[in-house]
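*Asks:* There's a structure below that I have some questions on.
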Amino acid sequence: MTRFALSSSPDTASGRRRRATIRATDLALLAGVAALVACAGPQSALDPAGRGAERIAELFWWMTAGTVVVWAAVMALAFYVSTRRREPGPRAPGVLIVGGGVVLPVLVLTALLIWGLALLPSLLAGVDAEPTLFVTGRQFWWEVVYRTSDGRVVPLANELRLPVGRPAVLQLDSHDVIHSLWIPALAGKVDMIPGRVTRLTLEPSRTGVFRGLCAEYCGLSHAHMAFVVAVTEEHEFAEWLAHQAEPASAPASPLAARGQELLLAHGCGACHTIRGTLADGDVGPDLTHVGGRLSIAAGTLSSDPRAFQRWIEAPEQVKPGVHMPAFAMLPQADREALAAYLEGLK
Amino acid sequence: MSEPSPEQVGAEQAARLLKAWETPTGWRYWSAVNNSAVGVWYTASSFFFFLFAGVLALMMRTQLAVPDNDLLSADLYNQAFTVHGSVMMFLFAIPIFEAIAVLLLPQMLGARDLPFPRLSAFGFWCFMLGGIFLCGSIFFDAAPRGGWFMYPPLTSKYQPGIGADMWLLGFSFIEVAAIAAAVELIVGTLKCRPPGMRINLVPLYAWYTLVAAAMVLFAFPPLIAGSMLLEVERAFGWPFFDPAGGGDPLLWQHLFWLFGHPEVYIIFLPSVALVAMMVPTFARRPVVGYDWIVLSAIGTGFLSFGLWVHHMYTTGLPGVSLGLFSAASTAVAIPTGVQLFCFLATILMGRVTRSTPMLFMFGSLAIFVLGGLTGVMVAMAPFDFQAHDSFFVVAHFHYTLFGGAVFPIIAGFYYYYPLVGNKMLSERLGRLAFWLMFIGFNVAFLPMHLTGLRGMPRRVFTYPAAAGLGGLNLVSTIGAFILAAGVAVIVWDLVRPRSREPLAPRNPWDAGTLEWVQEMPGKPWGIRSIPQIDSRYPLWDQPDFLRNIDEGRFYLPDAEEGLRETLVTSVVDARPLFCQRLPGPSFVTPLAALTTGGFFILGTFKLWSLALASLVAALLVFVFWLWTGTARVPEKQEKDVGCGLTLPLYASGSSSIGWWGVFITMLADFTAYVCLVFGYFFFWTVHADFPPAPVQGPGVLWPGLAALLLVGAWSATWLARRWNRRDRGRACHLGLLGGAGLAALGGAALVAGPLATGLDPTSHAYPAIVWLLVIWTAAHVGIGAIMHLYCSARRLAGHMTPRHDADLGNVVLYWHFTVLTALLTVAVIAGFPLLA
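What follows is the structure, encoded as structure tokens:
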């Protein structure tokens, strides 16, 4: 069993970057290069792949530059006032207090506020638009429903796919406690609050696979509530969605067929839905195309047969506090059959 | 003829004074109430809680050192961060401000003690009891695990067990103690200043304390009200936050952050206050921009109540709210900046001397300024959409809290230690500790900014290797241990044996402010005689100042009657008004804390009948405390307090400190009530149909009748005081007993409203909030009736006379607030449905 992996990212570069910025602010170029490396990652807000995240990252870099300048200026001032040799003039304290404490901050903060708030309309755009994607937070997974342009409803779970370059309006709510949907590479986060409905617009600007996660502490396995976001070309997306709307494929091998029998016999269908079979529960994630997903257990495990086995055997070990019971009492062969069936649900 | 020599007179006076102020010894030591004892206990125990929460932080950092770590279970990790955050906030940051203020404020004001010594002792015992209870819970796997801001519904329906109850009841109990201390500090600053210390001569520390304590008064009640709602939801199923029952989880967030944001400044301002005392000393000159600093501190206090929504930027608020709160949140940077620049200007105009406290202050500046600047970044709503609930925010607030509170407090330890321990702390160890802490802190927290933006949410017990966060986290963990080593050095410096070291010289830093008058070793009387002040830095500016104090040439140099006394002066110009007798050691304070604590602790275990019994016991202890310890009729009308001044020994009404105490307490109480009313209207805004059909309100009849009866009770109270002053004893008793009767009937009529109309509080948030308003009001009315009976008994026993009517004055004040509460309740529950 392997923990779910998207891509390896250069870890050590972060340390390099920090040393660079501290030691030599004048070597900004070097720092900039190091920063670019350090900021990459499947869930990095500083490696943006969406319009919202791009705008925010730009704001961040300007504010960071300002922060470094102001901090250095205050430190230099503190150093000067405590080591000065020349007697200061009588007006020096007034200039310092009014200039440094009032005039400068008012000017800088006003400018910053105008710029920062000017971003808001674009970040909140789409709040009034018709949502096409409905995500409900649950302890500790994501219920995802697509509504296609021809009005069909496609229930999925724990994975988002988006076409590049087209805004998608998400409607968010929660089934139990407060969650928060955050895809750092695409946009800021928005909370999912029981009894309320919130909106989020995602506008991916490049293709790729990213990680999304729950940002609001939601209980025991908050750390294991994640999901994969795959941004693809429009036509790939359309194909994918059309396939997702189909019922589950029939078991392809005798082992998988036995897995399907076991699944129905052990009552998995009381909680899970596999469209096209008798399983129609709505407590756990929809499994119709679970084998085709890039991860299982809400971004926690990869979707290979061994991961499926591990999950069936001891979900509590992978994800403390999970509501799914363990099926460790089943013989090994049965668990293998179940895993083969599920993994085959492409 | 043998006139005793002046030296002989002085020695006899000093002996009498010492006897009156003697700290009890042996096991009775724990009955002490003097600020010099209670302040030390308070400071030491809050620092102990800091260490405890710090150990939890190290456990968490160890768990996060590598990805997919399984050193701590998810459950233990969740308890650890909940307890770490809650303890740092409620058992360290706030209490240590009040502890240091209890310890130092009287010294700075040349007062013998704070105006209500037993109240500070009570506050300490509540704090200690609640603190041990809460910290201990983690050893029994029973600690709260909802995060320090306890968002429902996670903490209502989804976390059974006593953890959340412990948080809600335990911290409410400690918050009550914090409010008690705030009342004490406010009255102390306003009324117990030395003669001549006009409002513009008050030490900056006292100004900051005043602002921070006033903020406690208005910031804690929203949390107490919110905790009450959440606990009632947990215990009795009244659906305040459950959307299925018409509640809304966002109400909790509003109430919590209405407390939570000012809270940050309640922590920050008193620490700046320490800086404001130390900087002039080390710059060898008076502070520059005194007026600017005072105004900025007040401005910060006001602004901090308008920022709470910046903790809720991601809850889907409309753009207009985001814009307004972004603007307000950045604006608070300005008064903060003004204060920093005033200190820099002071250093510029003076000649700075090197010292450990100064080192910690420069470290504090470097750290705090960065925290403030990242604060401006997260105040920008767009950036906060990314940074919120990520490690960026964790880094940001640790920068503000370490820079804005921990470093100044440790500077304060090094600076003020001689006043407590009579010896100096080690400069060498201090420098070592500084560098370990400064380097460790930055290594731990600087990378976290990046960790957060690379997608690490806060409150995760682990993270996958694929997320690429391992390296940054390992660096942070190493930094945390270096930081901890620095703290360990400080602990060693504080506790190491130093019996061979010489006493510190008197006023070792050559400071100019009044607290450094203290002799080495210090005496329990605080100050030999209470001086006349005409400068902000009397030790620098007033000639022969120390000698005049030591020779008892100022006020109250003696304790002829063997009683503890201090001067009470007027608020603005510190004119001496009267001589206040202060209570001495007593076990009534720990007993009161124990019985009050019993209510909250037993309530945690849902033993409601035992809890109520404990509450009744607490009530009896309080009555005993008040009866034996307050508003005593003095043996003579006035006394000579020295310097040719004769002052009265008794005051009632608004000139007495008791009246101020009641007034300030009731402001806090009324704020909590207003939060409940806010809850009512919040529900109205989220429901199109409110009261929700087919539920009817409590009608107009019963609430209307209650309003009439309670106005009657209030008038009777007022008349009773009038008749008492005219020495019409029978009429006074009639007024009091009639008032009690009307109050009882009024309270019953109030409860009869929702009862008669069959409002079921478990069915919906509407009946629940109506019932809560009614119960809150009725409880206040009930306490008011007990006060009537108390005054009647006092008069019968001769403790209250036409002239000595402080008790009755305070009860009338209480009833002003209560009748206002009652009328508002009736207007809301009976009047509003008619309009809506």
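Heads up: the protein sequence lines correspond to chains A and B, in order.
Its first residue numbered 122, the first sequence is counted upward by one per residue in this note's numbering.
Its first residue numbered 376, the second sequence is counted upward by one per residue in this note's numbering.
We put the beta carbon where it would ideally sit given N, CA and C, even for glycine.
Keep in mind that this is a model prediction, so the values were computed, not measured.
1. Applying the criterion that 16 or more other CB atoms from any shown protein chain within 10 Å of the CB defines a buried residue, is V224 of chain A buried or exposed?
2. Return the residue from the list B:F502, B:R881, B:Q482, B:P481 that minimises the CA-CA distance to I471 of chain B.
3. I'd like to know if the stretch 1089-1108 of chain B and the stretch 1128-1144 of chain B are in contact, where contact means that at least 3 CB-CB pairs between them fall below 8 Å.
4. Taking 8 Å as the limit between beta carbons, can you name the residues of its chain near Y363 of chain B, skipping five residues before and five after?
5. Within the same chain, show all residues whose beta-carbon is closer than 7 Å to that of Y1189 of chain B, passing over the 5 residues directly before and after it, in chain order.
6. Sort B:A702, B:F595, B:W891, B:I469 by Cα distance to W915 of chain B and report the nearest one.
7. Return no unless some Cβ of chain A is closer than 8 Å to the Cβ of A786 of chain B.
8. When the Cα atoms are used, what is the spatial distance from E179 of chain A to L230 of chain A?
9. Per DSSP, V352 of chain A forms a beta bridge with which residues?
10. Is the stretch 1008-1016 of chain B touching the stretch 538-553 of chain B in the sense that three or more CB pairs, one from each, lie closer than 8 Å?
11. Could you check whether F816 of chain B and I742 of chain B sit closer than 8 Å to each other, using their CB atoms as the reference points?
12. Give the interface partners of I722 of chain B over in chain A, defined as CB-CB distance under 7 Å, in chain order.
13. Please give the ranges of any beta strand (DSSP E) in the stretch 878-919 of chain B, keeping only runs that are unbroken, at least 3 residues long and fully inside the region.
14. What residue does the beta strand (DSSP E) around H459 of chain B start on, and which one ends it?
15. At the 8 Å Cβ level, is D249 of chain A part of the contact set with chain B, yes or no?
16. List the endpoints of the continuous beta strand (DSSP E) containing M313 of chain A.
17. Would you identify the three-state DSSP class for D666 of chain B, choosing helix, strand or coil?
18. Please confirm whether H343 of chain A has its beta-carbon closer than 8 Å to some beta-carbon of chain B.
19. Can you confirm whether F761 of chain B, when its beta carbon is compared against all beta carbons of chain A, has any partner nearer than 8 Å?
20. Would you decide whether P822 of chain B is buried or exposed? Buried here means 16 or more other CB atoms lie within 10 Å of its CB.
21. Please determine, among A:A170, A:L241, A:G171, A:G222, the residue with the shortest C-alpha to C-alpha distance to G698 of chain B.
22. Return the CA-CA distance between P375 of chain A and Q381 of chain A, expressed in angstroms with no decimal places.
23. Give the C-beta separation of V1008 of chain B and T1176 of chain B to the nearest angstrom, bearing in mind that I take them to be a contact with Cβ-Cβ under 8 Å.
24. Please determine, among A:A239, A:L383, A:L234, A:A418, the residue with the shortest C-alpha to C-alpha distance to F468 of chain A.
25. Is there a Cβ from chain A that is less than 8 Å from the Cβ of N453 of chain B?
26. Can you tell which of B:W1077, B:G747, B:V727, B:H686 has the C-alpha that lies nearest to the C-alpha of T709 of chain B?
27. Please state the DSSP three-state secondary structure of G173 of chain A.
28. Taking Cβ-Cβ distances shorter than 9 Å, what residues in chain A pair up with L740 of chain B?
29. Would you decide whether N575 of chain B is buried or exposed? Buried here means 16 or more other CB atoms lie within 10 Å of its CB.
30. Would you call the stretch 592-609 of chain B in contact with the stretch 278-291 of chain A, where contact means no fewer than 3 C-beta pairs closer than 8 Å?
31. Under the three-state reduction of DSSP, which class applies to Q260 of chain A: helix, strand or coil?
32. I want to see whether chain B comes within less than 8 Å of S374 of chain A, judged by CB atoms only; does it?
33. Buried or exposed: Y404 of chain B, going by 16 or more other Cβ atoms within 10 Å of its Cβ?
34. If you measure beta-carbon to beta-carbon, which residues of the stretch 427-458 of chain B are closer than 8 Å to chain A?
35. Between the stretch 854-870 of chain B and the stretch 450-461 of chain A, do three or more beta carbon pairs fall short of 8 Å?
36. When DSSP labels each residue in this structure, what does K467 of chain A get in the three-state scheme?
*Replies:* Straight from the coordinates:
1. By the C-beta density criterion, V224 of chain A is exposed, having fewer than 16 other C-beta atoms within 10 angstroms.
2. Closest option to I471 of chain B, judged by alpha-carbon separation, among B:F502, B:R881, B:Q482, B:P481: B:F502.
3. Judged by Cβ distances under 8 Å, the stretch 1089-1108 of chain B makes no contact with the stretch 1128-1144 of chain B, as fewer than three pairs qualify.
4. As displayed, chain B neither begins before 376 nor continues past 1211, which places residue 363 of chain B out of reach and without an answer.
5. V1037, M1041, G1159, M1162.
6. Taking only the C-alpha atoms, the option nearest W915 of chain B is B:W891.
7. The beta carbon of A786 of chain B sits no closer than 8 Å to any beta carbon of chain A.
8. About 17 Å.
9. Paired residues: A:L283, A:G329.
10. No, because fewer than three Cβ pairs between the stretch 538-553 of chain B and the stretch 1008-1016 of chain B fall closer than 8 Å, the two stretches do not touch.
11. Yes. Within cutoff.
12. Those within 7 Å of I722 of chain B in chain A are V202, S203.
13. The qualifying runs do not exist here; there are none.
14. Run containing H459 of chain B: none in the beta strand (DSSP E); it sits in the alpha helix (DSSP H), 449-461.
15. Chain B, which has no Cβ nearer than 8 Å to the Cβ of D249 of chain A, makes this no.
16. Looking at the DSSP string, the run of the beta strand (DSSP E) that includes M313 of chain A is 311-313.
17. In the displayed model, D666 of chain B falls within a helix according to three-state DSSP.
18. Chain B has a Cβ within less than 8 Å of the Cβ of H343 of chain A.
19. The sequence shown places Gln at residue 761 of chain B, not Phe. For Q761 of chain B, at least one C-beta of chain A is nearer than 8 Å to its own C-beta.
20. Only buried fits P822 of chain B, as 16 or more other CB atoms lie within 10 angstroms of its CB.
21. That would be A:L241, whose Cα lies nearest to the Cα of G698 of chain B.
22. So the alpha carbons of these two residues sit roughly 10 Å apart.
23. About 6 Å; that satisfies the 8 Å criterion.
24. Because chain A spans 122 through 467 in this model, residue 468 of chain A falls outside it and cannot be assessed.
25. It does: the Cβ of N453 of chain B has a partner Cβ on chain A nearer than 8 Å.
26. As written in the sequence, residue 709 of chain B is Ile, which differs from the Thr given in the question. Comparing Cα positions, the closest option is B:G747.
27. In the structure shown, G173 of chain A sits in a helix (DSSP, three-state: H, G or I).
28. By Cβ distance, chain A contributes V195, M196, A199.
29. When all chains shown are included, N575 of chain B counts as exposed.
30. At 8 Å Cβ cutoff, the stretches do not touch.
31. Here Q260 of chain A sits in coil by DSSP.
32. So no, S374 of chain A is outside the interface.
33. With a threshold of 16 other beta carbon atoms within 10 Å, Y404 of chain B falls short and is exposed.
34. Those would be D443, S448, A449, D450, N453, in chain order.
35. Because the criterion of three Cβ pairs below 8 Å is not met, the stretch 854-870 of chain B and the stretch 450-461 of chain A do not touch.
36. Three-state DSSP puts K467 of chain A in coil, outside helix and strand.
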